[in-house]
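Residue 1 is where the sequence shown starts when you use UniProt numbering, and the numbers rise one by one after that.
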Amino acid sequence: MDALVKSRLDAIFNGKKVPPLDFVEQFEFTANVKKEDGLGLELKHLMVVSITYNSPCQGQIKVGDVLLSLNGTPITGQDKMGKLIQTIFNGQLTTKMSVKVMRLKRRIPRPSTFPPLYKHEGYTNDTLVLYNLKGYFHLGLDIKELDGKLIVCDFVENSLADITFSLGEAILDVDGEKTSTCTSFNDRVRKSLEIRNYCLVTVEVPSTDPLKNLLRNQITKAVKDVGRINKLPLDAATYAAEGVAIFKKCCDGPLKSAYVGDKHGNRTSENASRLKMEDKVKETDVPTGWNSRLFVRLPPAKTLKSETLPQ
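Set out below in C-alpha cells:
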C-alpha cells in the first residue's frame, strides 16, 4: 500500500483508529471528459459525496471513493485539482482522462471469531462494513422492526446508509452481537465506531422471488403512512427549472398538459395507431443506482410472436 493511500486514510480518520489496510481497494478508470462538463463529481476533501446524472464517471466511480491521481499525477490537494485538470486539457475541448481512486470495502467475509450463524432456507447472508465517516456523510438510515427483524426500509440518497446498505436487508448482528431492536442497533453501532471507527454488520436477504415479494409488501405497508419527501437532485432540478422557464417564455398562454386525449379518456385514431404489441421482449438491466435487494424476475411479456397460434 503506497504512502498516498495511507495519507488519505489518515486524513479521513484524523490519523486515529484507521481501518485495516486490507479493507482498502484501488481502481483506475478511463473516461472521455468534456471541458464544459468536467468530471461531474462533488468532492469533500477529495472524497466523492455525489455524482451528477451526466457525469462521464457514471457506472465507474462510486460515492465514497477517494481520488488519488489524474492521468498518473498524484492529487496533492483538492485546491490543486483545477490547475491539474486545466493542464490535462491543454486547450482541448475533450480529452481522455484516467482517474485512480481508493475505495473502502463495503463487504467482507464474516470473521471466524464471531458466533456462528443459523442460516434460514431461502436466505443468504452478507457482512457489511459501516465506517465512521462523520464530516463527510450523515447516516440517513431508516430501519423498522418487522416480524421480529430489523429491516432496512429506506435511506437518504448519497448518505452513509446508501453506500453501505441496500433496501430489504435484515440486520442480524453488529460485531457479532445480536441486535433485534432499533435502540440496541444504535447503541451497538455507536459503541463500535467509538472504539475503532468502523463496525461489521451482518445482514440477511431473501434469495427467492416469493420471499422478496413478501418482504416488499411488508415494507410498503410499514412506510405507506409515513410522509416522504423525494427531492429532485440539485442538477436535475436546475435543468427542470430552466426548461419550464423557456416554455413559459415561448408560450403565449399558460402551459398545457402533454396529454392529447379528451377528458373522458377516449383516444383519437391517431394515438390509437401508436399502441401496439412489440414483436419481441425488450430486456434491460437494473440501473446501478437502484439500491435494493428485492428485485425479482418478471414472467416474459406477451408479444405478437408468443400470442400467435401456430398454423
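We treat Cβ as the ideally placed atom computed from N, Cα and C, and that holds for glycine.
Fair warning: this is a prediction, and the values are worked out from it, not measured in the lab.
Item to check | 8 Å CB neighbourhood of histidine 264 in its chain, flanking five on each side removed | outcome: Low local confidence applies: a pLDDT of 49 at histidine 264 is under 50, so the model's placement there is unreliable, with the coordinate-based value given in what follows. Hits under 8 Å: none found.
Checklist entry - By a C-beta neighbour count over all protein chains shown, 10 Å radius and 16 as the cutoff for buried, is tyrosine 131 buried or exposed? => result Result: buried.
Next on the checklist: With H, G and I counted as helix, E and B as strand and the rest as coil, what does DSSP make of proline 74?
Outcome noted: Reduced to three states, the DSSP call for proline 74 is strand.
Item to check | Nearest-angstrom Cα separation, counted from glutamate 145 out to leucine 275 | outcome: A caution first: leucine 275 carries a pLDDT of 48, below 50, which makes its placement in the model too unreliable to give a value.
Next on the checklist: On the criterion of 16 or more Cβ atoms from any shown chain inside 10 Å, does isoleucine 195 qualify as buried, or is it exposed?
Outcome noted: In summary, isoleucine 195 is exposed, with fewer than 16 beta-carbon neighbours lying within 10 Å of its beta-carbon over all protein chains present.
Checklist entry - Per the contact definition of three or more C-beta pairs closer than 8 Å, is the region 88-100 in contact with the region 30-45? => result Counting C-beta pairs closer than 8 Å gives three or more between the region 30-45 and the region 88-100, which meets the contact rule.
Checklist entry - CA-CA distance, aspartate 162 and leucine 309? => result For aspartate 162 and leucine 309, the distance between alpha carbons rounds to 48 Å.
Checklist entry - Could you give the residue range of the alpha helix (DSSP H) that holds phenylalanine 114? => result No alpha helix (DSSP H) holds phenylalanine 114; DSSP gives it neither H nor E.
Next on the checklist: Alpha carbons only, please: which of Lys119, Lys100, Asn125 is nearest the one belonging to proline 109?
Outcome noted: For proline 109, the closest C-alpha among the options Lys119, Lys100, Asn125 is that of Asn125.
Checklist entry - How would you call arginine 106, buried or exposed, if buried means at least 16 neighbouring beta carbons within 10 angstroms? => result Arginine 106 is buried by the Cβ-count criterion.
Item to check | As assigned by DSSP and simplified to three states, the class of tyrosine 118 | outcome: Of the three classes helix, strand and coil, the one that applies to tyrosine 118 here is coil, per DSSP.
Next on the checklist: Tell me which residues share the same chain as phenylalanine 137 and place their Cβ nearer than 6 Å to its Cβ, disregarding the 5 neighbours each side in the sequence.
Outcome noted: If we look at phenylalanine 137 and ignore the five residues flanking it on each side, its Cβ neighbours are Ser159, Leu160.
Item to check | Closest residue to glycine 38 among Asp65, Glu28, Leu70 (Cα-Cα distance) | outcome: Considering only alpha carbons, the answer is Leu70.
Item to check | Where tyrosine 53 falls: helix, strand or coil (DSSP) | outcome: Residue state, collapsed to three classes: coil.
Checklist entry - Anyone know if the C-beta pair for valine 205 and arginine 293 falls short of 9 Å? => result The Cβ atoms of valine 205 and arginine 293 sit closer than 9 Å to each other.
Checklist entry - Closest to tryptophan 290 by CA distance: which of Arg103, Asp154, Lys16 is it? => result Taking only the C-alpha atoms, the option nearest tryptophan 290 is Asp154.
Next on the checklist: Looking at the strands, I want to know which residues DSSP matches up with cysteine 199.
Outcome noted: DSSP, once it has assigned bridges, lists Leu130 as partnering cysteine 199.
Item to check | Secondary structure of cysteine 251, DSSP reduced to three states | outcome: In this structure, cysteine 251 counts as coil in the three-state DSSP scheme.
Checklist entry - For the candidate residues Lys119, Thr181, Leu21, whose alpha-carbon lies nearest to that of isoleucine 143? => result Nearest to isoleucine 143 by alpha-carbon distance, out of Lys119, Thr181, Leu21, is Thr181.
Checklist entry - What's the call for serine 112, buried or exposed, on a 16-neighbour Cβ count within 10 Å? => result Exposed is the call here.
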